[in-house]
Amino acid sequence: MAEGEEKGRLQRRLLSLAVAVGCVAPVAVLILLSIATRWPAGQAWPAELTGERWGELFSGRGALLESLVLSITLSLAVATVSTAAGYLTSKAIAFSPHRHRLLLLAYIPFAFSPVILGTCLLFLYLRLDLAGTAGGVALAQTMFSYGFAVIFFIGFWTPQKQAYEELVYTLGGSTWTAYRRALLPLSRGLLAVGFFQAFLISWFQYGLTLLVGGGRVKTLPLKVFDYVREANPYYAALASCLLVLPPLVLVLLNRRAAPSFGVSR
Amino acid sequence: MKPRLPDRVGIALLMLVVAAPVGFSLGYALLYSIGAVGLLSEGITAEHWLAMLQRRELWTSLLLSLHVATTTLLFTTSAALALALLLRRPLERGPLSALLYVPLAIPGTVAAFLTFQLFVGGGLVERWVSALGATLGIATPSGELVPMVHDPWALGIVATHVALAIPFFALLFAELYRTEAVSELETLATSLGASRAQVLWRVTVPVLLRRASTNLVLFFIVVLGSFEIPLLLGRQTPQMLSVLTYRKFALFDLAERPEAYVLALIYTAVVFLLLALVRRLPQEGGSLG
Amino acid sequence: MTPLLEVHGLSKAFGGESVLQDISLRLEGAETLAVVGRSGCGKTTLLKILAGLESADAGSVTLAGEALDPLPPQRRGVLYLYQEALLFPHLDVTANLAFGLEVRGRSKGEIRPRVEQMLEELGLSEHAHKAPHQLSGGQRQRVAFGRALLVEPKLLLLDEPFGALDTDTRARMQQLFRQVAEQRQLPALFVTHDLKEAIKMGHRVGHLEKGRFRVFDSLQQLVHDPRLGVKEEMDFWIRLERQAEAPSAVPPEEPPETPSEASPGVQAPEPQTPELQAPELQTSQGKAPSASSLDSSAPTTPAKASS
Numbered sequence: 001m002a003e004g005e006e007k008g009r010l011q012r013r014l015l016s017l018a019v020a021v022g023c024v025a026p027v028a029v030l031i032l033l034s035i036a037t038r039w040p041a042g043q044a045w046p047a048e049l050t051g052e053r054w055g056e057l058f059s060g061r062g063a064l065l066e067s068l069v070l071s072i073t074l075s076l077a078v079a080t081v082s083t084a085a086g087y088l089t090s091k092a093i094a095f096s097p098h099r100h101r102l103l104l105l106a107y108i109p110f111a112f113s114p115v116i117l118g119t120c121l122l123f124l125y126l127r128l129d130l131a132g133t134a135g136g137v138a139l140a141q142t143m144f145s146y147g148f149a150v151i152f153f154i155g156f157w158t159p160q161k162q163a164y165e166e167l168v169y170t171l172g173g174s175t176w177t178a179y180r181r182a183l184l185p186l187s188r189g190l191l192a193v194g195f196f197q198a199f200l201i202s203w204f205q206y207g208l209t210l211l212v213g214g215g216r217v218k219t220l221p222l223k224v225f226d227y228v229r230e231a232n233p234y235y236a237a238l239a240s241c242l243l244v245l246p247p248l249v250l251v252l253l254n255r256r257a258a259p260s261f262g263v264s265r
Numbered sequence: 266m267k268p269r270l271p272d273r274v275g276i277a278l279l280m281l282v283v284a285a286p287v288g289f290s291l292g293y294a295l296l297y298s299i300g301a302v303g304l305l306s307e308g309i310t311a312e313h314w315l316a317m318l319q320r321r322e323l324w325t326s327l328l329l330s331l332h333v334a335t336t337t338l339l340f341t342t343s344a345a346l347a348l349a350l351l352l353r354r355p356l357e358r359g360p361l362s363a364l365l366y367v368p369l370a371i372p373g374t375v376a377a378f379l380t381f382q383l384f385v386g387g388g389l390v391e392r393w394v395s396a397l398g399a400t401l402g403i404a405t406p407s408g409e410l411v412p413m414v415h416d417p418w419a420l421g422i423v424a425t426h427v428a429l430a431i432p433f434f435a436l437l438f439a440e441l442y443r444t445e446a447v448s449e450l451e452t453l454a455t456s457l458g459a460s461r462a463q464v465l466w467r468v469t470v471p472v473l474l475r476r477a478s479t480n481l482v483l484f485f486i487v488v489l490g491s492f493e494i495p496l497l498l499g500r501q502t503p504q505m506l507s508v509l510t511y512r513k514f515a516l517f518d519l520a521e522r523p524e525a526y527v528l529a530l531i532y533t534a535v536v537f538l539l540l541a542l543v544r545r546l547p548q549e550g551g552s553l554g
Numbered sequence: 555m556t557p558l559l560e561v562h563g564l565s566k567a568f569g570g571e572s573v574l575q576d577i578s579l580r581l582e583g584a585e586t587l588a589v590v591g592r593s594g595c596g597k598t599t600l601l602k603i604l605a606g607l608e609s610a611d612a613g614s615v616t617l618a619g620e621a622l623d624p625l626p627p628q629r630r631g632v633l634y635l636y637q638e639a640l641l642f643p644h645l646d647v648t649a650n651l652a653f654g655l656e657v658r659g660r661s662k663g664e665i666r667p668r669v670e671q672m673l674e675e676l677g678l679s680e681h682a683h684k685a686p687h688q689l690s691g692g693q694r695q696r697v698a699f700g701r702a703l704l705v706e707p708k709l710l711l712l713d714e715p716f717g718a719l720d721t722d723t724r725a726r727m728q729q730l731f732r733q734v735a736e737q738r739q740l741p742a743l744f745v746t747h748d749l750k751e752a753i754k755m756g757h758r759v760g761h762l763e764k765g766r767f768r769v770f771d772s773l774q775q776l777v778h779d780p781r782l783g784v785k786e787e788m789d790f791w792i793r794l795e796r797q798a799e800a801p802s803a804v805p806p807e808e809p810p811e812t813p814s815e816a817s818p819g820v821q822a823p824e825p826q827t828p829e830l831q832a833p834e835l836q837t838s839q840g841k842a843p844s845a846s847s848l849d850s851s852a853p854t855t856p857a858k859a860s861s
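One line per chain: the protein sequences are S, E and H, in this order.
Everything in the first sequence is counted per this note's numbering, starting at 1 for the first residue and increasing by one.
Everything in the second sequence is counted per this note's numbering, starting at 266 for the first residue and increasing by one.
Everything in the third sequence is counted per this note's numbering, starting at 555 for the first residue and increasing by one.
#1: Identify the contact partners of E/W393 in chain S, using a Cβ-Cβ distance below 7 Å as the criterion.
#2: Going by DSSP, what residues sit across from H/G760 in a beta bridge?
#3: Within 8 Å (strictly less), CB to CB, does H/G700 reach chain S?
#4: Whose CA, out of S/T80, S/T50, S/K7, S/H100, lies closest to the CA of E/R545?
#5: Who pairs with H/R580 in a beta bridge, going by DSSP?
#6: I'd like the list of long-range same chain contacts for H/E795, defined as Cβ closer than 6 Å, with 5 residues on each side in sequence excluded.
#7: I'd like to know if H/S838 contacts chain S, where contact means its C-beta is closer than 8 Å to some C-beta of that chain.
#8: Excluding the five sequence neighbours on either side, which residues of its own chain have a C-beta within less than 7 Å of the C-beta of H/D869, listed in chain order?
#9: Could you give the DSSP three-state label for H/G663: helix, strand or coil?
#10: How should S/T158 be labelled, buried or exposed, when 16 other C-beta atoms within 10 angstroms of its C-beta is the threshold for buried?
#11: Should E/L509 and E/A439 be called a contact, given that it needs their Cβ atoms to be closer than 8 Å?
#12: For a contact meaning CB atoms closer than 7 Å, what does E/T361 contact in chain S?
#13: In three-state terms, what does DSSP make of H/K708?
#14: Whose Cβ in chain E lies nearer than 7 Å to the Cβ of S/I108?
#15: Helix, strand or coil, according to DSSP, for H/D611 in the structure here?
#16: Sort S/F199, S/T119, S/L171, S/V115 by Cα distance to S/V81 and report the nearest one.
#17: If H/D646 sits next to H/H687, beta carbons under 8 Å apart, how far is it from one beta carbon to the other, in whole angstroms?
#18: Comparing alpha-carbon positions, which option in H/T599, H/T586, H/A718 lies nearest H/E571?
#19: Give a yes or no on whether 8 Å exceeds the smallest Cβ distance from S/T209 to chain E.
#20: Could you spell out the range, first to last residue, of the beta strand (DSSP E) harbouring H/Y634?
#21: Mind checking if E/D272 is an interface residue toward chain S, Cβ cutoff 8 Å exclusive?
#22: In whole angstroms, what is the alpha-carbon distance linking E/G386 and S/V29?
#23: Would H/L607 count as contacting chain S if we go by Cβ distances under 8 Å?
#24: List the residues of chain S whose Cβ lies closer than 7 Å to the Cβ of E/A370, in chain order.
#25: Would you mind telling me which residues of chain S sit closer than 7 Å to E/T510, beta carbon to beta carbon, in chain order?
#26: Grab me the residues of H/A857's own chain with a C-beta within less than 7 Å of its C-beta, minus the 5 sequence neighbours each way, in chain order.
#27: If E/A277 sits next to E/A345, beta carbons under 8 Å apart, how far is it from one beta carbon to the other, in whole angstroms?
#28: Using the beta-carbon count (16 or more within 10 Å), is H/I753 buried or exposed?
#29: Starting from the Cα of E/L498, find the closest Cα among E/R321, E/L350, E/Y511, E/T374 and give me that residue.
#30: Which residue comes first and which comes last in the alpha helix (DSSP H) that contains H/A742?
#31: So that I know if they touch, is there some Cβ in chain S lying closer than 8 Å to that of E/V487?
#32: Any C-beta of chain H sitting closer than 8 Å to the C-beta of S/Y164?
#33: Who are the neighbours of S/Q160 on chain H, taking C-beta pairs under 7 Å?
#34: Note down the Cα distance separating E/Y293 from S/C120, rounded to an integer number of angstroms.
#35: Taking any Cβ of chain H, which residues in the region 165-182 of chain S have a Cβ under 8 Å from it, in chain order?
#36: Run through chain S and tell me which residues come within less than 8 Å of H/P627, C-beta to C-beta.
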């Protein structure tokens, strides 16, 4: 009996170890590839390591820095707009008598494939002269992260939050006071997490950016695939590191910020 | 309560940002697909729909997408459940509870690239295995060990999706195990005379799956429409729905365009069906309340 | 004399479902009207309409001679207190108390002494800088109460305000409310599902059921209203008492379910409720049920009563 338990414990240890390795290995491989040079075919290890690519990136040479700046700007704008708009809309939906139907609308950008919906949307973007521009990409991405934000915040709007709002009114406060002094402070933490996740939706977006941007708006995910197509795994890895490391640091600092497919966690 | 200005703005935004463009675009897609609009339009016709519906390409694409989504869902759910139950304590505290968050910061593009780099013929895994074999003095087969890139069964696509999603669902199940007081239910079932297997299959697993059902269906929808991963790891034919739609559209061959719209509309119908299913699921999660 | 609050012909329906039907009521002066009703009877809707948080389909509301209907909640001087204290978690006790005065744009010089005085009045001075989560349920409810009083409302609406408190705290809060309402001559509508609490807190008691409202003219009327089940409840205890004197008898039947969900029962009226002071409450043996035996803290089931 004791032997069986001992064996079970050992198996669990090994499983834990395997999972831990599986979690860390992808990032380790990315970093290794981003600093590898001369990795001849058939060799298990690169012949040489170099910090040159990273140095090049931060010295301002090369196209990657441009993509990094573009990605950051685009995603910050998208996250700001969609978080603010999603916050307002989620509240309106939560207390609306048509809650179910309205929420289904928000689920369309949340669940639909951005590429397929984007294919249908492209005609509109072409008509509005937005296709192929960073502004058009930002707008298209906003629709999707906005859908996410609405669903993310919907759970916040409980009858209790409504009671807080009403309390402010009966105490003499205006709508603006209710938001500034009660609702926003009550949702500060959630807003930060929602912002971060809306940021990530834009930050990671590939297909929609490719489609609406017509391949001309080169965000980091597009760069990754460009390098893969050029058979340049080292730069693809560098671009991947730029995509993965910043959110990784934030997620590890605050686990509540972790991305989610669903809503309730 | 009476709606106030911000509430009106909120609803107006939903109409402006989602309802209007989506309604317009789907309407346009429908009209285009029946030849009512478009540069090459020659009047309303069912031709594009009939042609597309008779095309093998459509059905293999739909089947492939359903195969990938179903297989991914099955593997992810079983693996995540197993991890959450076997490693319950390490998942609650200790380094593993933090490490599981690492894959959550990896997007589909990067995951696809990694799978490609690791498993393509002559890739890193092959090199490491043969190096290990050489060290240990064991002969290893040359060439692809596991067919993961452009393979006929879309194994690479499924595996990449599964690897990305397991941590999220393991964390979700571990959390639900706590919030749903599953261990109390297990104790109760045991005291009622249930065996360990009965407790697992008739209490623990159903409770967790039921509570996670909304997330699981949404995940299914996401995989069904996934793009980056099949774009890099999939074959030329068949292609998953997103990839096929994109290809048909991006060819800029106007004759192919109605077909792209037919595909998009079929996908839309499937997703709406699935969303209707989500609404019927138990609503404790409040996801589609 | 014009009544302080006059509600006339108030109706409200949600999606075709009638919630309030032709409700009329008056508050003559600084009195408390207690409203008894089960959950879902429309009591919250009634209070929200009075506070201006919900609009009525028909009817009128006047407060101190002024028509309330066109006024937004901010300008009605009607304060709504919930079952939950709803203290702002990001503000300490002092800041919570000051909240109403601050949003009304009062000066710091005016706010500080008034808040300090309120802290003292409520016995909360030592908790002035605590966060809401550091307070007990009763303390939180006291802060909420003080926050409401500081804006000097013309009318107080209380929606099951003590429903979440334990029995002892609840009794203390009931006492505090009566005392403060008396001192400040504060008119109030006190909604509760507990009939006993209604009788304790209200100068008059009304009953709201399925959107219809009536005020009892006398305690006798209340006791004999079959929908409240007071008579059955009293009969139950009287039979029990008789059986206790003759132990061989079978236990009495359970009383039928009464509208008050928590602890059904009646208590002798307080001296300050003149309209309800009626000799009819005397039982056939000429003995009124004592407050202690039928208090909300007393056991209400035969099983507990016999232990």
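Note that the Cβ used here is the ideal one computed from N, Cα and C, for glycine as well.
Straight from the coordinates:
#1: A44
#2: H/V589, H/V769
#3: no
#4: S/H100
#5: H/E560
#6: none
#7: Low confidence applies to H/S838: its pLDDT is 35, below 50, so where it sits in the model is not reliable, and the reading given next is rough at best. Chain S contact via Cβ: absent.
#8: Residue coverage of chain H in this structure runs from 555 to 861, which leaves residue 869 of chain H outside it and unanswerable.
#9: helix
#10: The residue in question, S/T158, is exposed, as its Cβ has fewer than 16 Cβ neighbours within 10 Å.
#11: no
#12: Reading the sequence as shown, one finds Leu at residue 361 of chain E and not Thr. Ordered by position in chain S, the residues that pass the 7 Å Cβ test against E/L361 are S16, V19, A20.
#13: The three-state reading of DSSP puts H/K708 in coil, since its state is none of H, G, I, E or B.
#14: V283, V287
#15: When secondary structure is reduced to three states using DSSP, H/D611 falls in the coil class, being assigned neither helix nor strand.
#16: Of the listed residues, the one whose Cα sits closest to S/V81 is S/F199.
#17: That belief does not hold up - the Cβ atoms of H/D646 and H/H687 are roughly 11 Å apart, past 8 Å.
#18: H/T599
#19: no
#20: First-last of the beta strand (DSSP E) with H/Y634: 632-635.
#21: yes
#22: 17 Å
#23: yes
#24: Going along chain S in sequence order, the residues near E/A370 (Cβ under 7 Å) are V244, P247, L248, V251.
#25: Residues of chain S whose Cβ lies closer than 7 Å to the Cβ of E/T510 are, in chain order, V115, I116, T119.
#26: Confidence at H/A857 is low in this model, with a pLDDT of 36, below 50, so its placement is unreliable and the value that follows should be read with caution. For H/A857, where only same-chain residues beyond five positions count, there are no Cβ hits under 7 Å.
#27: Rounded, the Cβ-Cβ distance is 40 Å, inconsistent with contact.
#28: buried
#29: E/T374
#30: Per DSSP, H/A742 lies in no alpha helix (DSSP H); the unbroken beta strand (DSSP E) holding it starts and ends at 742-746.
#31: yes
#32: yes
#33: E638
#34: Their backbone Cα atoms lie some 8 Å apart in a straight line.
#35: E166, L167, V168, Y169, T170, L171, G172, G173, S174, T177, R181, A182
#36: E166, Y169, T170
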